[in-house]
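Some notes on the structure that comes next.
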């Protein structure tokens, strides 16, 4: 096939190089300052940093799972409903994206606190007698992060469901499949790409989360971005910050590669 | 729903009565009634927008009619969900499941009916052999040619011994040669299995090749239901005459028994008695013209198109009548501007 | 209660009037110095001042920037937040966007050692009325603030609230959820004080002892705060009944009528600092800005707005008597100074230990 060559892509490539690749290379350079790997040894050797990495991955995984469970039905409904409802659904999904993360985080603090809207309502209606611990812990962080990241799950799933040929669903139905079986045998495998795209996106974005865990976690939920920020802005230990970032980057890429392989093999079978 | 067994089956008797369906202002189905005998292949022929696809969807259960009923072997299935109707369907673009292998696709309806694993394997094998795809079971649909994909779709639609088989313009995506092969193959298979089949197409040639009977649809209504020959030779109205095959259609008045006078004043000898003064349609198929006949036309050749087996002529008669005529392409061929004479016998003219 | 406060602290306060007369005097004074004007570098159209943002920016504009702009005809562009890492990046790359920037106390010391800041010109910036320890040649001490106890006055009535860190640690006598800063600074000292270390023997910090004491309070701290606004908000929402916090933030909600009071006992004093980054494009006019920020009348306006008094000791003379009880400089003897020099040396270690301690399951 004849292509116009890479020429039309040059501006984008230059931008990518200048604002993405170059800084990343600079950062990697910092991390092996003076040709030593001592900062990597520290990042991967000390319990504190391994613990925080582990924490970060756990939180990111949980957020991804919750986003998937909530986001699939939402993306599915928006993709299959009438255009009018779809627009309304989109507004609800996208509205959070147009609000600052900080504002949303504070809004959750108002809702989830011991004397927050939520707990007061539950107590007033007699469902519980003591307020639920929804804020300043992992629960709060998960709620806040899921809220921020849900659109990133919904949109790829919406796209995947939209791309699915409706004739396949009709075919399955005509061949005797119940709604439940249509979901498991047709929708789920054929929207796997959207699920993986959304999951990878949410997972990777989760890894870098910073403000939400700090505020809603009450300081108890430490994620790696917080430590990197400390090293960059507070202790000014840039080589170490770079090493931590490089480890995070490597882990992220590994997750991405794994997911990519999985989706491809999924599509093949 | 009981699973019917046996590879060969006597398929159902389909009856639709008084089906109506509107989409806003558009009338997709206008009091459609049809009766299809067990084992019969009925083609629904019509231009796009004629309502034929809506009719198919109503039969398959994907569309609910506003009025009327659908029944198979006396059982009213109008309100039954598609999954429980036991109707096999081949979609326009086959709608093969891209993530399942050929065998997986064919096994799908059996698995939905909770057929045992060994039985599934056996029937999938048999059916694939039937459509001449033995050995292709492990391939994915996209690794197959268009014709092979269609065979898979067909296998998937018949493997569970459906009561009815619906074919929705299944040959549209195939090239001409493959299409002809597949048409004959489908016909052969349908006959062998004795499956009551509804075939949807807008291609009148295809309809003539395949069908036991043809139902011509236009604007949501059935114009004529008849055997292929009758549809071609004795169309019920202008639309059918015009839509099926090439035609010369004129209107005139029965001025005396056996004579129709056209508006140009030309008198045509026809095989038709009736009340003098009746307004009638006259159909003359292009290939029914000869050098001479009871009715003679002196004309000038406007256009001559060589088609290999035949020659298609557009003629302008002296009284302003325009004719399309086909002649065997042999001997010295007429050219544009040339004057010639053609004729047609009274019994070759269809009056309606 | 809010309305009453509004009347007391409103636009008609006497401070306002003193300022107006001072602005007139200052500009008149400026006009009487033609000799200096001749040797001045050319005026830029604008200078950039970087600070923490929020209410602080508003107060600085009111107290300093408005006057500066009027006096010199140079626009003051504000950016935020204060960011040590960015300062270093700017100086390293030679592309210094800021002419003046706020900087944390310990960071100021480290920045000085790293050669990231300009020397302050004593001929332009008059700090003769400053305490001796606030006259660093490189760091301009802008204001004093303190981390103290804030409490719900509807929960702890009749003066029965924790007054010392030992009492803060005493969860039996003073029950209720607490909030503390998610940072080693302040908390290490508070722990040592609670454990009986006298205020003048806090440094060098005994990490083991401090963290051991912190272990005791950890289960009772509902939220470890990370932004200055949080503790005030947590008290307002009654999410906690006791919170450590910066006096200005409590002052702000008290002004607005919140049922919250401050306890100054054993508060951790710090100074707000500003520096001129090395290689600042308009260093001379940056010095002029620091000069404005050292004027006592201007510092009085700032203190009245935020509760953070300046270090020009004369400035208290221009503060309304009603405001004085809310200024940390009134209680210097009850409090201790955070040792920025010690943190400049040990801050990283402290932070690392703190992170590890936070990560440790309670």
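Residue numbers (my numbering), protein chains in the order written: chain Y, 69 to 337; chain X, 576 to 927; chain G, 54 to 415.
C-beta: ideal position from N, C-alpha, C; glycine also.
Item	Value
List the residues of chain Y that residue 182 of chain G touches, going by C-beta distances under 8 angstroms, in chain order.	Chain Y residues near residue 182 of chain G: none, gap ~33 angstroms exceeds 8 angstroms.
Hey, is the region 93 to 103 of chain Y in contact with the region 309 to 319 of chain Y, meaning 3+ C-beta pairs nearer than 8 angstroms?	yes
Between the region 228 to 246 of chain G and the region 256 to 275 of chain G, can you find at least three pairs of beta-carbon atoms closer than 8 angstroms?	yes
Just the C-alpha distance for residue 594 of chain X and residue 626 of chain X, rounded to the nearest angstrom, thanks.	11 angstroms
Where are the alpha helix (DSSP H) runs, 4 residues long or more, that stay fully inside the region 161 to 226 of chain Y, in chain order?	169 to 180, 185 to 192
Quick check for students: name the residue ranges of the alpha helix (DSSP H) that lie wholly in the region 116 to 166 of chain G, counting only runs of 4 or more.	119 to 125, 137 to 146, 158 to 166
Taking the alpha-carbon of residue 149 of chain Y as reference, which of Y:179, Y:234, Y:262 has the nearest alpha-carbon?	Y:234
If we count the other Cβ atoms within 10 Å of its Cβ and call it buried at 16 or more, is residue 109 of chain Y buried or exposed?	exposed
Are there three or more Cβ pairs, one per stretch, closer than 8 angstroms when the region 381 to 401 of chain G is compared with the region 307 to 324 of chain G?	yes
Which runs of the alpha helix (DSSP H) fall wholly inside the region 808 to 880 of chain X and span at least 4 residues, in chain order?	813 to 818
Counting Cβ pairs closer than 8 angstroms, one from the region 130 to 149 of chain G and one from the region 97 to 106 of chain G, do we hit at least three?	yes
Are the region 263 to 281 of chain Y and the region 221 to 228 of chain Y in contact at 8 angstroms, needing three or more beta carbon pairs?	yes
In chain G, what lies closer than 8 angstroms to residue 303 of chain Y by C-beta?	400, 401, 404
Quick one: which chain Y residues come within Cβ less than 9 angstroms of residue 141 of chain G?	304, 306
With distances taken between CB atoms, is the gap from residue 741 of chain X to residue 705 of chain X smaller than 8 angstroms?	no
Along chain Y, which residues have their Cβ under 8 angstroms away from the Cβ of residue 133 of chain G?	The premise fails here: residue 133 of chain G is roughly 13 angstroms from chain Y at the closest Cβ pair, so nothing lies under 8 angstroms.
Give, in chain order, every residue of the region 797 to 822 of chain X whose Cβ lies closer than 7 angstroms to some Cβ of chain Y.	none
Check the C-beta distance from residue 903 of chain X over to residue 885 of chain X and give it rounded, since I have them as a contact under 8 angstroms.	6 angstroms
Measure from the C-beta of residue 87 of chain Y to each C-beta in chain G and report whether the shortest distance is under 8 angstroms.	no
Specify the secondary structure class of residue 913 of chain X as computed by DSSP and reduced to three states.	coil
Express the C-alpha separation of residue 317 of chain Y and residue 95 of chain Y in angstroms, rounding to a whole number.	11 angstroms
How long is the line joining the alpha carbons of residue 91 of chain Y and residue 79 of chain Y, rounded to whole angstroms?	18 angstroms
Just verifying my parser: in three-state terms, what is the DSSP assignment at residue 321 of chain G?	strand
How far does the alpha helix (DSSP H) with residue 204 of chain G in it extend, from its first residue to its last?	First-last for residue 204 of chain G: 193 to 205, but that is the beta strand (DSSP E), not the alpha helix (DSSP H).
With a threshold of 8 angstroms, are at least 3 pairs of Cβ atoms found where one atom belongs to the region 888 to 907 of chain X and the other to the region 819 to 833 of chain X?	yes
At a CB distance below 9 angstroms, what residues from the region 147 to 176 of chain G approach chain Y? Give them in sequence order.	157, 160, 163, 167
Buried or exposed: residue 291 of chain Y, going by 16 or more other Cβ atoms within 10 Å of its Cβ?	buried
Please name the residue, chosen from Y:175, Y:119, Y:228, Y:299, that lies closest to residue 414 of chain G on a Cα-to-Cα basis.	Y:119
Can you pull out the residues from the region 288 to 300 of chain Y whose beta carbon lies closer than 8 angstroms to at least one beta carbon of chain G?	288, 290, 295, 298, 300
Counting only C-beta atoms, is residue 224 of chain Y closer than 8 angstroms to chain X at any point?	no
When you compare the region 126 to 135 of chain Y with the region 207 to 219 of chain Y, are there three or more beta-carbon pairs, one atom per stretch, that lie closer than 8 angstroms?	yes
Starting from the C-beta of residue 851 of chain X, find all residues in its chain whose C-beta is less than 8 angstroms away, skip the five residues before and the five after it, and write them out in chain order.	829, 830, 831, 832
Near residue 737 of chain X, which residues of its chain fall below 8 angstroms by C-beta distance, leaving aside the five closest residues on each side in sequence?	586, 661, 662, 663, 770
Please tell me whether residue 151 of chain Y has its Cβ less than 8 angstroms away from any Cβ of chain X.	no
According to DSSP, what are the bridge partners of residue 790 of chain X?	X:619, X:800
Let's see if you can read the secondary structure: which residues bound the beta strand (DSSP E) around residue 263 of chain Y?	Note, residue 263 of chain Y: premise wrong, no beta strand (DSSP E); alpha helix (DSSP H) at 260 to 275.
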